[in-house]
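Asker: Would you mind keeping the following structure in view while I ask a few things?
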Amino acid sequence: LSLFFFCSPLTTMSTGGWGDGLGKMISKGAFNVGYALYKTRIGHHIHQQTLSDPSGTPHSLPSTIPVIPGVHISVVPILGDNYCYLLVDRASKSCLAVDPADAEVVLAAVDAEGLSLLGVLTTHTHWDHSGGNEAIRSKLPNCKVYGGRNENVPGLTDSVGEGDTFWFPPRSGGNEPQIAIKVWETPCHTVGHLMYILNTQQKNPDGSDGELQPVGVFTGDTVFQGGTGKFFEGTPKQMTDNLIRVSKLPPDTKIMCGHEYTVTNYKYALAIEPDNKAVRERVEWAIQQRQQRKSTVPSTVADEMAMSPYMRVVSSKTACGKLCICLHGVGGDPRFEDGRADVADVIGEMRRIRDENIVKAKMDA
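This is the structure in C-alpha coordinates:
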(Lines of atoms letter the chains of each structure in order from A and count residues from 1; the text may use other names and numbers.)
(Lines give C-alpha, C1' and ligand atoms only; values in the text may rest on other atoms or scores of the structure.)
Protein backbone atom coordinates (compact mmCIF):
# COMPACT_ATOMS: atom_id res chain seq x y z
CA LEU A 1 0.00 0.00 0.00
CA SER A 2 1.66 3.22 -1.19
CA LEU A 3 0.29 5.06 1.82
CA PHE A 4 3.06 3.74 4.06
CA PHE A 5 5.68 5.77 2.22
CA PHE A 6 4.00 8.76 3.88
CA CYS A 7 3.53 7.38 7.35
CA SER A 8 6.41 5.03 8.11
CA PRO A 9 8.78 7.68 9.57
CA LEU A 10 6.15 8.78 12.08
CA THR A 11 5.23 5.29 13.17
CA THR A 12 8.70 4.82 14.66
CA MET A 13 8.49 7.98 16.78
CA SER A 14 9.26 7.19 20.43
CA THR A 15 10.58 9.44 23.16
CA GLY A 16 9.54 7.47 26.24
CA GLY A 17 7.00 8.31 28.96
CA TRP A 18 4.38 10.88 28.06
CA GLY A 19 6.35 11.73 24.94
CA ASP A 20 5.88 8.20 23.66
CA GLY A 21 2.12 8.54 24.06
CA LEU A 22 2.20 11.90 22.29
CA GLY A 23 4.25 10.42 19.49
CA LYS A 24 1.72 7.64 19.03
CA MET A 25 -1.14 10.15 18.95
CA ILE A 26 0.65 12.21 16.28
CA SER A 27 1.50 9.09 14.31
CA LYS A 28 -2.09 7.87 14.41
CA GLY A 29 -3.41 11.25 13.36
CA ALA A 30 -0.95 11.47 10.49
CA PHE A 31 -1.81 7.95 9.44
CA ASN A 32 -5.54 8.67 9.42
CA VAL A 33 -5.00 11.75 7.24
CA GLY A 34 -2.70 9.82 4.90
CA TYR A 35 -5.12 6.93 4.64
CA ALA A 36 -8.05 9.23 3.86
CA LEU A 37 -6.00 10.89 1.11
CA TYR A 38 -4.87 7.54 -0.26
CA LYS A 39 -8.49 6.52 -0.89
CA THR A 40 -9.06 9.62 -3.05
CA ARG A 41 -7.80 10.41 -6.55
CA ILE A 42 -4.59 11.60 -4.91
CA GLY A 43 -3.97 7.98 -4.00
CA HIS A 44 -4.74 6.94 -7.57
CA HIS A 45 -2.13 9.40 -8.83
CA ILE A 46 0.42 7.89 -6.43
CA HIS A 47 -0.57 4.42 -7.58
CA GLN A 48 0.08 5.41 -11.20
CA GLN A 49 3.68 6.19 -10.27
CA THR A 50 4.18 2.64 -8.97
CA LEU A 51 3.08 0.82 -12.13
CA SER A 52 5.53 -1.70 -13.47
CA ASP A 53 7.79 -1.08 -16.43
CA PRO A 54 6.53 -3.71 -18.90
CA SER A 55 10.11 -4.24 -20.04
CA GLY A 56 11.37 -4.64 -16.48
CA THR A 57 11.74 -7.70 -14.27
CA PRO A 58 8.63 -8.64 -12.27
CA HIS A 59 9.02 -9.49 -8.60
CA SER A 60 8.18 -13.15 -9.28
CA LEU A 61 8.12 -15.57 -12.18
CA PRO A 62 4.68 -16.15 -13.72
CA SER A 63 3.18 -19.50 -12.76
CA THR A 64 0.10 -21.64 -13.29
CA ILE A 65 -2.20 -23.21 -10.70
CA PRO A 66 -4.38 -26.14 -11.86
CA VAL A 67 -8.00 -25.98 -10.66
CA ILE A 68 -10.02 -28.65 -12.49
CA PRO A 69 -9.57 -30.21 -15.93
CA GLY A 70 -9.89 -27.42 -18.47
CA VAL A 71 -9.57 -24.61 -15.91
CA HIS A 72 -6.42 -23.08 -14.47
CA ILE A 73 -5.26 -19.92 -12.75
CA SER A 74 -2.43 -17.89 -14.22
CA VAL A 75 -0.47 -15.98 -11.57
CA VAL A 76 0.51 -12.53 -12.84
CA PRO A 77 3.01 -10.66 -10.62
CA ILE A 78 2.39 -6.89 -10.64
CA LEU A 79 3.64 -3.79 -8.83
CA GLY A 80 6.14 -4.34 -6.01
CA ASP A 81 4.64 -7.46 -4.43
CA ASN A 82 1.02 -7.79 -5.63
CA TYR A 83 -0.53 -10.69 -7.47
CA CYS A 84 -3.24 -10.55 -10.09
CA TYR A 85 -4.85 -13.84 -11.02
CA LEU A 86 -6.40 -14.89 -14.33
CA LEU A 87 -9.09 -17.55 -13.92
CA VAL A 88 -8.90 -19.28 -17.30
CA ASP A 89 -11.38 -21.56 -19.08
CA ARG A 90 -9.39 -23.17 -21.86
CA ALA A 91 -12.34 -24.43 -23.92
CA SER A 92 -13.84 -20.96 -24.39
CA LYS A 93 -10.43 -19.23 -24.23
CA SER A 94 -11.92 -16.73 -21.79
CA CYS A 95 -10.82 -15.47 -18.40
CA LEU A 96 -11.63 -13.32 -15.39
CA ALA A 97 -8.96 -11.14 -13.77
CA VAL A 98 -8.73 -10.76 -10.00
CA ASP A 99 -7.41 -7.36 -8.81
CA PRO A 100 -5.66 -6.35 -12.07
CA ALA A 101 -4.19 -3.16 -10.61
CA ASP A 102 -1.61 -2.77 -13.42
CA ALA A 103 -3.78 -2.84 -16.54
CA GLU A 104 -0.94 -2.84 -19.07
CA VAL A 105 0.85 -5.83 -17.53
CA VAL A 106 -2.36 -7.79 -17.00
CA LEU A 107 -3.72 -7.18 -20.51
CA ALA A 108 -0.37 -8.28 -21.92
CA ALA A 109 -0.70 -11.54 -19.95
CA VAL A 110 -4.24 -12.01 -21.27
CA ASP A 111 -3.04 -11.49 -24.85
CA ALA A 112 -0.08 -13.83 -24.35
CA GLU A 113 -2.49 -16.68 -23.61
CA GLY A 114 -4.79 -15.72 -26.47
CA LEU A 115 -7.71 -15.09 -24.12
CA SER A 116 -10.77 -12.88 -23.99
CA LEU A 117 -11.13 -10.97 -20.71
CA LEU A 118 -14.79 -11.18 -19.69
CA GLY A 119 -14.64 -9.54 -16.29
CA VAL A 120 -12.71 -8.22 -13.31
CA LEU A 121 -13.19 -9.46 -9.74
CA THR A 122 -12.27 -6.68 -7.30
CA THR A 123 -11.61 -7.72 -3.71
CA HIS A 124 -11.43 -4.16 -2.34
CA THR A 125 -10.91 -0.53 -3.29
CA HIS A 126 -7.27 0.04 -2.36
CA TRP A 127 -5.60 1.27 -5.52
CA ASP A 128 -3.05 -1.53 -5.58
CA HIS A 129 -6.04 -3.83 -6.18
CA SER A 130 -8.57 -1.68 -8.05
CA GLY A 131 -6.27 0.81 -9.76
CA GLY A 132 -6.41 -0.88 -13.17
CA ASN A 133 -10.19 -1.24 -13.45
CA GLU A 134 -10.89 1.98 -15.31
CA ALA A 135 -8.00 1.54 -17.74
CA ILE A 136 -9.22 -1.97 -18.57
CA ARG A 137 -12.78 -0.71 -19.09
CA SER A 138 -11.51 2.04 -21.39
CA LYS A 139 -9.83 -0.55 -23.60
CA LEU A 140 -12.49 -3.27 -23.22
CA PRO A 141 -15.86 -1.52 -22.78
CA ASN A 142 -17.75 -4.83 -22.59
CA CYS A 143 -15.62 -6.14 -19.75
CA LYS A 144 -17.60 -6.32 -16.52
CA VAL A 145 -16.17 -5.11 -13.22
CA TYR A 146 -17.49 -6.85 -10.11
CA GLY A 147 -17.00 -5.35 -6.66
CA GLY A 148 -18.52 -4.87 -3.25
CA ARG A 149 -21.73 -2.90 -2.86
CA ASN A 150 -20.32 -1.34 0.32
CA GLU A 151 -17.37 0.31 -1.40
CA ASN A 152 -16.81 2.83 -4.17
CA VAL A 153 -15.12 0.47 -6.62
CA PRO A 154 -13.56 2.20 -9.65
CA GLY A 155 -15.13 1.18 -12.95
CA LEU A 156 -17.82 -0.86 -11.23
CA THR A 157 -20.50 -2.37 -13.49
CA ASP A 158 -21.90 -5.12 -11.25
CA SER A 159 -22.11 -4.72 -7.48
CA VAL A 160 -22.13 -7.99 -5.55
CA GLY A 161 -22.45 -9.01 -1.92
CA GLU A 162 -22.77 -11.86 0.54
CA GLY A 163 -24.06 -15.07 -1.04
CA ASP A 164 -24.20 -13.84 -4.62
CA THR A 165 -23.17 -16.59 -7.03
CA PHE A 166 -22.35 -16.46 -10.72
CA TRP A 167 -20.97 -18.94 -13.22
CA PHE A 168 -17.78 -18.94 -15.23
CA PRO A 169 -17.87 -19.13 -18.16
CA PRO A 170 -21.30 -17.49 -18.12
CA ARG A 171 -24.18 -19.57 -19.44
CA SER A 172 -25.27 -16.62 -21.55
CA GLY A 173 -22.24 -17.12 -23.76
CA GLY A 174 -23.38 -20.57 -24.85
CA ASN A 175 -20.60 -22.24 -22.87
CA GLU A 176 -20.86 -25.03 -20.36
CA PRO A 177 -20.10 -23.40 -16.98
CA GLN A 178 -17.20 -24.93 -15.10
CA ILE A 179 -16.90 -22.85 -11.94
CA ALA A 180 -19.50 -21.28 -9.63
CA ILE A 181 -18.05 -18.17 -8.01
CA LYS A 182 -19.60 -17.37 -4.65
CA VAL A 183 -19.13 -14.04 -2.91
CA TRP A 184 -18.27 -13.64 0.77
CA GLU A 185 -18.31 -10.27 2.49
CA THR A 186 -15.22 -10.14 4.71
CA PRO A 187 -15.03 -6.67 6.29
CA CYS A 188 -12.02 -5.57 8.32
CA HIS A 189 -9.12 -4.65 6.04
CA THR A 190 -11.69 -2.45 4.33
CA VAL A 191 -15.36 -2.11 5.16
CA GLY A 192 -16.50 -3.69 1.89
CA HIS A 193 -13.76 -6.29 1.33
CA LEU A 194 -14.84 -9.41 -0.58
CA MET A 195 -13.52 -12.90 -1.05
CA TYR A 196 -14.42 -14.95 -4.11
CA ILE A 197 -14.91 -18.69 -3.53
CA LEU A 198 -14.39 -21.02 -6.52
CA ASN A 199 -16.71 -24.02 -6.51
CA THR A 200 -17.34 -27.01 -8.74
CA GLN A 201 -20.81 -28.44 -9.25
CA GLN A 202 -21.13 -31.90 -7.70
CA LYS A 203 -23.49 -34.44 -9.23
CA ASN A 204 -26.00 -36.60 -7.38
CA PRO A 205 -26.24 -40.35 -8.15
CA ASP A 206 -29.25 -39.70 -10.38
CA GLY A 207 -27.29 -37.17 -12.43
CA SER A 208 -28.98 -34.10 -11.01
CA ASP A 209 -26.98 -31.15 -9.70
CA GLY A 210 -25.70 -31.61 -6.17
CA GLU A 211 -23.88 -29.31 -3.76
CA LEU A 212 -21.21 -26.82 -4.69
CA GLN A 213 -17.74 -27.97 -3.65
CA PRO A 214 -15.15 -25.25 -2.84
CA VAL A 215 -11.81 -25.72 -4.60
CA GLY A 216 -10.19 -22.30 -4.25
CA VAL A 217 -10.54 -18.84 -2.76
CA PHE A 218 -9.22 -15.43 -3.75
CA THR A 219 -8.64 -13.83 -0.36
CA GLY A 220 -7.36 -10.38 -1.39
CA ASP A 221 -5.84 -8.67 1.64
CA THR A 222 -7.83 -10.53 4.30
CA VAL A 223 -5.91 -13.81 4.56
CA PHE A 224 -2.28 -14.25 3.54
CA GLN A 225 0.04 -17.19 3.93
CA GLY A 226 0.90 -17.02 7.61
CA GLY A 227 -0.92 -13.76 8.23
CA THR A 228 -3.74 -11.32 7.74
CA GLY A 229 -4.16 -7.87 6.30
CA LYS A 230 -4.08 -4.82 8.53
CA PHE A 231 -7.36 -3.92 10.25
CA PHE A 232 -7.67 -0.54 8.53
CA GLU A 233 -11.46 -0.29 8.69
CA GLY A 234 -12.53 -3.05 11.05
CA THR A 235 -12.07 -4.87 14.32
CA PRO A 236 -10.32 -7.98 15.62
CA LYS A 237 -13.74 -9.60 16.00
CA GLN A 238 -14.48 -9.09 12.30
CA MET A 239 -11.13 -10.57 11.30
CA THR A 240 -11.69 -13.48 13.66
CA ASP A 241 -15.04 -14.20 12.00
CA ASN A 242 -13.37 -14.07 8.57
CA LEU A 243 -10.64 -16.50 9.66
CA ILE A 244 -13.18 -18.91 11.12
CA ARG A 245 -15.09 -18.96 7.82
CA VAL A 246 -11.92 -19.76 5.86
CA SER A 247 -10.94 -22.46 8.36
CA LYS A 248 -14.21 -24.28 7.63
CA LEU A 249 -13.49 -24.64 3.92
CA PRO A 250 -12.29 -28.08 2.77
CA PRO A 251 -8.63 -28.65 3.77
CA ASP A 252 -7.42 -28.90 0.16
CA THR A 253 -9.01 -25.57 -0.87
CA LYS A 254 -6.35 -23.46 -2.57
CA ILE A 255 -5.74 -19.98 -1.12
CA MET A 256 -4.72 -17.26 -3.58
CA CYS A 257 -3.80 -14.10 -1.65
CA GLY A 258 -3.11 -10.57 -2.84
CA HIS A 259 0.57 -10.08 -1.97
CA GLU A 260 3.86 -11.92 -1.71
CA TYR A 261 4.25 -11.55 2.07
CA THR A 262 5.02 -15.16 2.99
CA VAL A 263 8.61 -14.76 4.17
CA THR A 264 7.91 -11.81 6.47
CA ASN A 265 4.65 -13.31 7.75
CA TYR A 266 6.28 -16.55 8.78
CA LYS A 267 9.33 -14.78 10.17
CA TYR A 268 6.91 -12.96 12.43
CA ALA A 269 5.22 -16.23 13.38
CA LEU A 270 8.62 -17.67 14.27
CA ALA A 271 9.58 -14.56 16.27
CA ILE A 272 6.59 -14.97 18.59
CA GLU A 273 6.80 -18.78 18.71
CA PRO A 274 10.48 -19.68 18.18
CA ASP A 275 10.08 -23.36 19.16
CA ASN A 276 7.67 -24.14 16.30
CA LYS A 277 9.56 -26.47 13.96
CA ALA A 278 6.90 -26.44 11.25
CA VAL A 279 6.98 -22.66 11.06
CA ARG A 280 10.78 -22.64 10.95
CA GLU A 281 10.70 -25.06 8.02
CA ARG A 282 8.08 -22.89 6.31
CA VAL A 283 10.35 -19.86 6.61
CA GLU A 284 13.24 -21.79 5.09
CA TRP A 285 11.06 -23.02 2.23
CA ALA A 286 9.69 -19.55 1.51
CA ILE A 287 13.19 -18.01 1.49
CA GLN A 288 14.35 -20.64 -1.00
CA GLN A 289 11.36 -19.93 -3.23
CA ARG A 290 11.99 -16.20 -3.20
CA GLN A 291 15.72 -16.56 -3.86
CA GLN A 292 14.70 -18.20 -7.15
CA ARG A 293 11.96 -15.57 -7.74
CA LYS A 294 9.35 -18.31 -7.43
CA SER A 295 5.94 -17.42 -6.08
CA THR A 296 4.85 -18.93 -2.77
CA VAL A 297 1.18 -19.02 -3.80
CA PRO A 298 -1.01 -20.92 -3.51
CA SER A 299 -1.21 -22.43 -0.07
CA THR A 300 -4.13 -24.49 1.18
CA VAL A 301 -6.52 -24.24 4.10
CA ALA A 302 -4.75 -27.26 5.61
CA ASP A 303 -1.36 -25.50 5.29
CA GLU A 304 -2.63 -22.40 7.05
CA MET A 305 -4.41 -24.30 9.83
CA ALA A 306 -1.18 -26.17 10.51
CA MET A 307 1.21 -23.20 10.47
CA SER A 308 -0.40 -19.75 10.41
CA PRO A 309 -0.65 -18.41 13.98
CA TYR A 310 -3.87 -16.57 13.11
CA MET A 311 -5.60 -19.63 11.68
CA ARG A 312 -4.34 -21.85 14.49
CA VAL A 313 -5.77 -19.48 17.10
CA VAL A 314 -9.29 -19.67 15.65
CA SER A 315 -9.26 -23.43 15.07
CA SER A 316 -7.50 -24.89 18.12
CA LYS A 317 -7.95 -24.10 21.82
CA THR A 318 -4.56 -25.65 22.54
CA ALA A 319 -2.81 -23.46 19.96
CA CYS A 320 -4.72 -20.40 21.16
CA GLY A 321 -3.60 -21.01 24.75
CA LYS A 322 0.03 -21.49 23.76
CA LEU A 323 0.07 -18.39 21.56
CA CYS A 324 -1.58 -16.39 24.36
CA ILE A 325 1.37 -17.14 26.59
CA CYS A 326 3.83 -16.36 23.78
CA LEU A 327 2.15 -12.99 23.20
CA HIS A 328 2.32 -12.20 26.93
CA GLY A 329 6.05 -12.88 26.83
CA VAL A 330 6.47 -10.50 23.91
CA GLY A 331 3.96 -7.74 24.64
CA GLY A 332 3.54 -8.03 28.39
CA ASP A 333 -0.25 -7.63 28.39
CA PRO A 334 -1.58 -9.37 31.54
CA ARG A 335 -4.73 -10.48 29.69
CA PHE A 336 -2.68 -13.18 28.00
CA GLU A 337 -0.64 -14.44 30.94
CA ASP A 338 -2.78 -17.48 31.78
CA GLY A 339 -3.51 -18.52 28.18
CA ARG A 340 -7.27 -18.04 28.47
CA ALA A 341 -7.94 -14.83 26.59
CA ASP A 342 -10.79 -14.37 24.14
CA VAL A 343 -9.91 -15.49 20.61
CA ALA A 344 -10.63 -12.05 19.10
CA ASP A 345 -8.39 -10.42 21.72
CA VAL A 346 -5.58 -12.81 20.78
CA ILE A 347 -6.01 -12.00 17.08
CA GLY A 348 -6.00 -8.27 17.88
CA GLU A 349 -2.87 -8.50 20.03
CA MET A 350 -1.07 -10.56 17.40
CA ARG A 351 -1.84 -7.90 14.81
CA ARG A 352 -0.87 -5.05 17.18
CA ILE A 353 2.54 -6.53 17.93
CA ARG A 354 3.16 -6.97 14.21
CA ASP A 355 1.95 -3.47 13.30
CA GLU A 356 4.06 -1.80 16.00
CA ASN A 357 7.20 -3.73 14.94
CA ILE A 358 7.76 -4.98 18.48
CA VAL A 359 9.60 -8.10 17.31
CA LYS A 360 11.23 -6.58 14.23
CA ALA A 361 14.74 -7.21 15.58
CA LYS A 362 13.96 -10.93 15.92
CA MET A 363 12.45 -11.02 12.44
CA ASP A 364 15.57 -9.39 10.96
CA ALA A 365 18.00 -11.63 12.82
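When we follow my numbering, the leftmost residue of the sequence shown carries the number 6, and every step to the right adds one. For each residue, glycine too, the CB sits at the ideal point set by N, CA and C.
What's the gap between the Cα of R250 and the Cα of R95?
Answerer: For the purposes of this step, residue 250 is taken as the residue at position 245 of the sequence shown. For the purposes of this step, residue 95 is taken as the residue at position 90 of the sequence shown. So the two alpha carbons sit approximately 31 Å from each other.
Asker: Can you tell me which of the three DSSP states G26 falls into?
Answerer: Position 21 of the sequence shown holds residue 26. Note that G26 has pLDDT 49, beneath the 50 cutoff, so the model's placement of it is unreliable and the number below is only indicative. Here G26 sits in helix by DSSP.
Asker: The beta strand (DSSP E) spanning E286 covers which residue range?
Answerer: Counting from one through the sequence shown, the residue named residue 286 turns up at place 281. Note, E286: premise wrong, no beta strand (DSSP E); alpha helix (DSSP H) at K282 to Q296.
Asker: Please look up how many angstroms separate the CB atoms of T127 and Y151, rounded, as I've assumed it's under 8 Å.
Answerer: Position 122 of the sequence shown holds residue 127. Position 146 of the sequence shown holds residue 151. Rounded, the Cβ-Cβ distance is 6 Å, consistent with contact.
Asker: With distances taken from CA atoms, which of Y43, Q243 and D116 is nearest T191?
Answerer: To locate residue 191, count along the sequence shown from 1; it is residue 186. Here the closest residue by C-alpha is Q243.
Asker: Taking C-beta to C-beta, are M368 and P303 nearer than 7 Å?
Answerer: On the sequence shown, position 363 is the one that residue 368 refers to. On the sequence shown, position 298 is the one that residue 303 refers to. No; because the gap between Cβ atoms is not below 7 Å, this pair is not in contact.
Asker: Let's test the definition: count the other Cβ atoms within 10 Å of the Cβ of P159 and tell me whether it reaches 16, buried, or not, exposed.
Answerer: Taking the sequence shown and counting its residues from 1, the one referred to as residue 159 is at position 154. P159 comes out buried.
Asker: Is it right to say V38 is buried, meaning 16 or more other beta carbons lie within 10 angstroms of its own, or is it exposed?
Answerer: By 1-based counting over the sequence shown, the position of residue 38 is 33. Exposed is the call here.
Asker: Within the continuous beta strand (DSSP E) that includes A106, where are the two ends?
Answerer: The residue labelled residue 106 in the question sits at position 101 within the sequence shown. Run containing A106: none; DSSP gives neither H nor E here.
Asker: If you follow the alpha helix (DSSP H) that P350 is part of, which residue opens it and which one closes it?
Answerer: By 1-based counting over the sequence shown, the position of residue 350 is 345. One point to set straight first is that residue 350 is Asp, not Pro, in the sequence displayed. For D350, the enclosing alpha helix (DSSP H) stretches over residues V348 to D360.
Asker: Label T269 either buried or exposed according to how many other C-beta atoms from any shown protein chain fall within 10 Å of its C-beta, with 16 as the threshold for buried.
Answerer: Residue mapping note: residue 269 aligns to position 264 of the sequence shown, counting from 1. With 16 or more Cβ atoms within 10 Å of its Cβ, T269 is classed as buried.
Asker: Would the C-beta of K365 count as close to the ligand NAD, meaning under 6 Å from any of its heavy atoms?
Answerer: The ligand NAD is absent from the structure shown, which contains no ligands of any kind.
Asker: Please confirm if the stretch 230-246 is in contact with the stretch 182-190, defined as three or more CB-CB distances below 8 Å between the two stretches.
Answerer: no
Asker: How do the stretch 332-341 and the stretch 279-297 stand: do at least 3 beta-carbon pairs fall below 8 Å, yes or no?
Answerer: no
Asker: For C329, which of helix, strand or coil comes out of DSSP?
Answerer: One-based indexing of the sequence shown puts residue 329 at position 324. In this structure, C329 counts as helix in the three-state DSSP scheme.
Asker: Kindly indicate which three-state DSSP category P14 falls into: helix, strand or coil?
Answerer: By 1-based counting over the sequence shown, the position of residue 14 is 9. Its pLDDT being 39, under 50, P14 is placed unreliably by the model, and the measurement read from it follows with that caveat. Three-state result, P14: helix.
Asker: Under 7 Å between the Cβ atoms of V111 and V81?
Answerer: Residue 111 sits at position 106 when you count from the first residue of the sequence shown. Residue 81 sits at position 76 when you count from the first residue of the sequence shown. The answer is yes: Cβ separation under 7 Å.
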